[in-house]
Amino acid sequence: MTTDLKHMTQTDFDALMAEIKMENPNLFQFIADFLNKKVSIQEVEAFQKMDYQVQQLYIKNYKARS
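All you need for our numbering is the position in the sequence shown, starting with 1, plus 1336.
Have a look at this one:
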């Protein structure tokens, strides 16, 4: 399976998302909240600018948005 989103089949993408959901449910929830417009682009950009360890802590403590 390729991890290049531009060249991924829908089946590959679904398998990747299922793996993320199982192995890191908080990261999956962050992605789902972004897709459902509960997390803004600005929040994602701020997340991307964080150091890796800070990102890990952020995701570890992430709670679903209502």
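Glycine is no exception: its CB is placed at the ideal position from the N, C-alpha and C atoms.
Values in this document were obtained by computation on a predicted structure and should not be read as measured data.
Distance CB(residue i)-CB(residue j) smaller than 8 Å
i, j, result
"TYR1398", "MET1386", "no"
"ARG1401", "ASP1369", "yes"
"GLN1391", "PHE1383", "yes"
Burial state of residue i, where buried means 16 or more other Cβ atoms lie within 10 Å
i, result
"GLN1365", "buried"
Closest by C-alpha distance to residue i, when choosing among the options
i, options, result
"LYS1396", "ILE1367, PRO1361, GLN1346 and GLU1379", "PRO1361"
"ILE1356", "ILE1367, SER1376 and ASN1372", "ILE1367"
Backbone CA spacing between residue i and residue j [nearest angstrom]
i, j, result
"ILE1377", "LEU1371", "10 Å"
"GLU1379", "MET1353", "21 Å"
"THR1345", "TYR1388", "28 Å"
Any non-hydrogen atom of the ligand MG within 7 Å of residue i CB
i, result
"LYS1342", "What this structure holds is no ligand at all, so the ligand MG is not there to describe."
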